[in-house]
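J.: Before anything else, here's the structure in question.
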């Protein structure tokens, strides 16, 4: 790999790994509860919402990757459109589940890259055997949420979900990776369509060797 390609790979991999470390290991609003101990909670936001999360200090971060201190995540269209902005990175990630498209946008370089997207590795489909056990109620970021223990084939965790499907707090462990996130601010303001689509006029970079990390944070092979 050339030095330029290596730099692009590192730039692209950082937010993807941050996403995997902070989101996929936490039981975020992405589980498909095929089985459950209690009636399953709503697991996708029912309306536009933007949540700022702090990344818990014990979150496992892959070696050589900067530790994200926060994530700003926007959910639209029932969770099928997602924008993830690591708090310590000059880039963001766009996910369009309907189009099966994952794109990293790097505004300082006026460039973007389409990342390999495997629907079977989407956190929304990784835990089809999730079991939810209700534990009580809590208040996070000024909003009420229900606490759930979550158990899947690959790991365990907990989640605090609002009645309208917003994850306010989540922590978990999967394949020796662990971590969590907690909401510090929640906004139900409408999300502009252009915030969820790749910018026009940006240079599209090719990344044939890039692999999106799996749920535990390790790159796919």
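Residue numbers (this note's numbering): 76 to 296.
Just so you know, even glycine gets a beta-carbon here, dropped at the ideal spot from N, CA and C.
Here's a check: name, in chain order, each residue in its chain whose Cβ is nearer than 6 Å to the Cβ of residue 220, leaving out the five neighbours to either side.
T.: Locating residue 220 in the chain shown gives position 145, where the first residue counts as 1. So the qualifying residues of the chain are 213, 235, 236, 237 and 243.
J.: Any idea if residue 276 is buried or exposed, counting beta-carbon neighbours within 10 angstroms, 16 or more meaning buried?
T.: Within the chain shown, residue 276 is the residue found at index 201, counting from 1. Answer is exposed; the Cβ neighbour count stays below 16.
J.: Alpha carbon to alpha carbon, how far is residue 261 from residue 240?
T.: In the chain shown, counting from the first residue as 1, residue 261 sits at position 186. In the chain shown, counting from the first residue as 1, residue 240 sits at position 165. One C-alpha to the other measures close to 13 Å.
J.: For residue 239, which of helix, strand or coil comes out of DSSP?
T.: Walking along the chain shown from the start, residue 239 turns up at place 164. If DSSP states are grouped into helix, strand and coil, residue 239 belongs with coil.
J.: Would the beta-carbon of residue 258 fall within 8 Å of that of residue 130?
T.: Your numbering for residue 258 matches position 183 in the chain shown. Your numbering for residue 130 matches position 55 in the chain shown. No, the Cβ-Cβ distance between residue 258 and residue 130 is not below 8 Å.
J.: Among 279, 178 and 263, whose alpha-carbon lies nearest the alpha-carbon of residue 151?
T.: Within the chain shown, numbered from 1, the residue matching residue 151 stands at position 76. The candidate whose alpha carbon is nearest that of residue 151 is 263.
J.: Kindly give me the distance between the Cβ atoms of residue 233 and residue 217, rounded to whole angstroms, as I take these residues to be in contact under 8 Å.
T.: In the chain shown, counting from the first residue as 1, residue 233 sits at position 158. In the chain shown, counting from the first residue as 1, residue 217 sits at position 142. About 20 Å separates the two Cβ atoms, so there is no contact after all.
J.: Cβ of residue 273 within 8 Å of Cβ of residue 123?
T.: As a first step, residue 273 must be located in the chain shown, where it is residue number 198. As a first step, residue 123 must be located in the chain shown, where it is residue number 48. Contact: no.
J.: What does the Cβ neighbour count give for residue 205, buried or exposed, with the cut at 16 atoms within 10 Å?
T.: Mapped onto the chain shown, residue 205 falls at position 130. Burial call: buried.
J.: Given residue 278, which residues of its chain have a CB within under 7 Å of its CB, disregarding the five upstream and five downstream residues?
T.: Translated into the one-based positions of the chain shown, residue 278 becomes position 203. Once the five neighbours on either side are set aside, the close Cβ partners of residue 278 are 185 and 186.
J.: Is it the case that the Cβ atoms of residue 144 and residue 155 are separated by a distance below 8 Å?
T.: In the chain shown, counting from the first residue as 1, residue 144 sits at position 69. In the chain shown, counting from the first residue as 1, residue 155 sits at position 80. Cβ distance not < 8 Å, so residue 144 and residue 155 don't count as in contact.
J.: Could you tell me if residue 149 is buried or exposed, where buried requires 16 or more neighbouring beta carbons within 10 angstroms of its beta carbon?
T.: What you label residue 149 is simply residue 74 of the chain shown in a count that begins at 1. The residue in question, residue 149, is buried, as its Cβ has 16 or more Cβ neighbours within 10 Å.
J.: Hey, would you say residue 134 sits closer than 8 Å to residue 247, going by beta carbons?
T.: Here residue 134 is taken as the residue at index 59 of the chain shown, counted from 1. Here residue 247 is taken as the residue at index 172 of the chain shown, counted from 1. Contact flag unset, no.
J.: Please report the distance separating the alpha-carbon of residue 92 from that of residue 160.
T.: Counting from one through the chain shown, the residue named residue 92 turns up at place 17. Counting from one through the chain shown, the residue named residue 160 turns up at place 85. Confidence at residue 92 is low in this model, with a pLDDT of 45, below 50, so the placement of that residue is unreliable and no value is reported for it.
J.: Per the DSSP calculation, residue 253 is bridged to which residue(s)?
T.: Numbered from its first residue, the chain shown carries residue 253 at position 178. Residue 253 pairs with 248.
J.: For residue 162 and residue 256, I'd like the C-alpha separation in whole angstroms.
T.: In the chain shown, residue 162 corresponds to position 87, counting from 1. In the chain shown, residue 256 corresponds to position 181, counting from 1. If I take the Cα positions, the gap works out to 13 Å.
J.: On the CB-based measure, 16 or more other CB atoms within 10 Å of its CB, does residue 267 come out buried or exposed?
T.: Working through the chain shown from its first residue, we reach residue 267 at position 192. So residue 267 counts as exposed.
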